[in-house]
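Here the structure is laid out as structure tokens; the discussion comes afterwards.
In the working numbering, the protein residues as written are 102 to 378.
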């Protein structure tokens with residue numbers, strides 16, 4: 102009876118493991134779209150900021166042109182007053198005012214040229230980002246269609262797996278089934294493993310002999326105390342026995358090698374002592 106349960110759990114493990122993989126794939130599918138949307142929003146934000154800077158620069162140019170026009174009229178007024186001056190002091194004062202206002206005109210003109218150059222650069226950048234936005238919106242649209250198709254296909258796979266799961270689960274204890282599903286999700290799709298040579302093949306922990314005997318006796322469902330996976334006993338085949346023998350033999354050879362090396366070191370030390378004498 103317990104053997105049948107283990108066989109069901111092994112079959113269920115294959116289904117649940119694949120189901121977890123597909124569910125993870127479903128979760129990952131929208132991530133590409135999210136990245137594309139975030140990029141699109143950043144480009145739009147950048148373009149919006151540049152558009153605002155463009156409008157601000159236009160307003161500054163308009164303001165400076167107004168101020169430059171006022172300065173030009175003021176300079177012309179001062180220049181007309183030149184014909185009416187009578188003293189050297191009046192001439193020097195008026196000449197200074199004309200020079201100052203002329204310098205202001207030059208500053209306004211220079212700043213206007215600077216802002217106009219800035220406007221041209223912004224205009225080019227805004228146009229580039231506009232094209233980039235259009236391209237990115239197309240990519241988002243294509244990705245949305247792709248995701249819709251992929252999700253539809255994944256849902257088909259999940260439905261098939263759920264049907265397979267429903268065929269296997271009847272007769273299994275609900276508590277064991279609940280724990281088993283959680284183990285599958287937390288242990289990379291592996292929830293039931295064999296004990297081999299007294300070791301859990303899931304986490305490679307050496308298990309107590311009494312515990313191994315209980316699993317071997319088949320008295321019930323046992324979980325590994327280290328990794329929580331369900332454990333089952335399977336009589337070791339000749340190949341498994343040979344494998345264990347080879348491992349032990351190799352370990353013995355390694356120990357012999359270490360002992361030989363230790364003996365060689367001892368002899369080398371003795372020879373060194375003789376040489377020193």
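Every residue gets a Cβ at the ideal spot worked out from N, C-alpha and C, and that includes glycine.
Using only alpha-carbon positions, find the residue among the options that is nearest to residue i.
{"i": "residue 296", "options": "196, 312, 283 and 130", "result": "312"}
{"i": "residue 243", "options": "127, 131 and 114", "result": "131"}
{"i": "residue 125", "options": "150, 267, 245 and 255", "result": "255"}
{"i": "residue 177", "options": "129, 223, 334 and 199", "result": "199"}
{"i": "residue 326", "options": "318, 319 and 284", "result": "284"}
{"i": "residue 299", "options": "154, 315, 228 and 288", "result": "315"}
{"i": "residue 227", "options": "147, 259 and 158", "result": "147"}
{"i": "residue 162", "options": "218, 309, 288 and 188", "result": "218"}
{"i": "residue 305", "options": "328, 174 and 324", "result": "328"}
{"i": "residue 158", "options": "223, 205 and 308", "result": "223"}
{"i": "residue 145", "options": "164, 279 and 233", "result": "233"}
Between the alpha carbons of residue i and residue j, how many angstroms are there, rounded?
{"i": "residue 275", "j": "residue 281", "result": "10 Å"}
{"i": "residue 143", "j": "residue 253", "result": "30 Å"}
{"i": "residue 264", "j": "residue 271", "result": "12 Å"}
{"i": "residue 257", "j": "residue 249", "result": "13 Å"}
{"i": "residue 202", "j": "residue 194", "result": "12 Å"}
{"i": "residue 149", "j": "residue 251", "result": "34 Å"}
{"i": "residue 128", "j": "residue 330", "result": "26 Å"}
{"i": "residue 261", "j": "residue 134", "result": "27 Å"}
{"i": "residue 220", "j": "residue 155", "result": "6 Å"}
{"i": "residue 339", "j": "residue 241", "result": "Caution applies to residue 339, whose pLDDT of 49 falls short of 50 and renders its modelled position unreliable; the value that the coordinates give is listed next. One C-alpha to the other measures close to 59 Å."}
{"i": "residue 191", "j": "residue 160", "result": "38 Å"}
{"i": "residue 335", "j": "residue 259", "result": "32 Å"}
{"i": "residue 116", "j": "residue 266", "result": "7 Å"}
{"i": "residue 287", "j": "residue 319", "result": "25 Å"}
{"i": "residue 225", "j": "residue 188", "result": "56 Å"}
{"i": "residue 109", "j": "residue 333", "result": "12 Å"}
{"i": "residue 164", "j": "residue 245", "result": "47 Å"}
{"i": "residue 390", "j": "residue 247", "result": "This structure does not reach residue 390, given that the chain is present from 102 up to 378, and the question cannot be answered."}
{"i": "residue 317", "j": "residue 307", "result": "15 Å"}
What are the start and end residues of the beta strand (DSSP E) that includes residue i?
{"i": "residue 185", "result": "No beta strand (DSSP E) holds residue 185; DSSP gives it neither H nor E."}
{"i": "residue 295", "result": "293-297"}
{"i": "residue 322", "result": "It is not in any beta strand (DSSP E) - residue 322 carries neither H nor E in the DSSP assignment."}
{"i": "residue 331", "result": "331-334"}
So residue i and residue j are supposed to be a Cβ contact under 8 Å. How far apart are they, rounded?
{"i": "residue 303", "j": "residue 118", "result": "At roughly 13 Å, the Cβ-Cβ gap does not stay under 8 Å, so residue 303 and residue 118 are not in contact."}
{"i": "residue 230", "j": "residue 120", "result": "Not really, about 44 Å apart at Cβ, beyond 8 Å."}
{"i": "residue 277", "j": "residue 114", "result": "The pair is not a contact, with the Cβ atoms about 13 Å apart (cut-off 8 Å)."}
{"i": "residue 112", "j": "residue 269", "result": "5 Å"}
{"i": "residue 123", "j": "residue 273", "result": "Actually they do not touch by this definition, with Cβ atoms about 22 Å apart."}
Looking at the unbroken alpha helix (DSSP H) that takes in residue i, where does it start and where does it end?
{"i": "residue 285", "result": "275-287"}
{"i": "residue 310", "result": "310-318"}
Cβ of residue i within 8 Å of any heavy atom in the ligand HEM?
{"i": "residue 131", "result": "Judged by which ligands are present, the structure shown has none, so any question about the ligand HEM falls away."}
Should the stretch 164-173 be regarded as contacting the stretch 205-213, the criterion being three or more beta carbon pairs within less than 8 Å? With a cut-off of 8 Å, the stretch 205-213 and the stretch 164-173 count as touching, because enough Cβ pairs lie within range.
Quick check: the stretch 230-244 against the stretch 126-144, are there 3 or more CB pairs under 8 Å? Here the stretch 230-244 makes contact with the stretch 126-144; the two share three or more CB pairs at distances below 8 Å.
Give a yes or no on contact between the stretch 179-188 and the stretch 213-223, applying the rule of three or more CB pairs nearer than 8 Å. Counting Cβ pairs under 8 Å, fewer than three are found: no touch.
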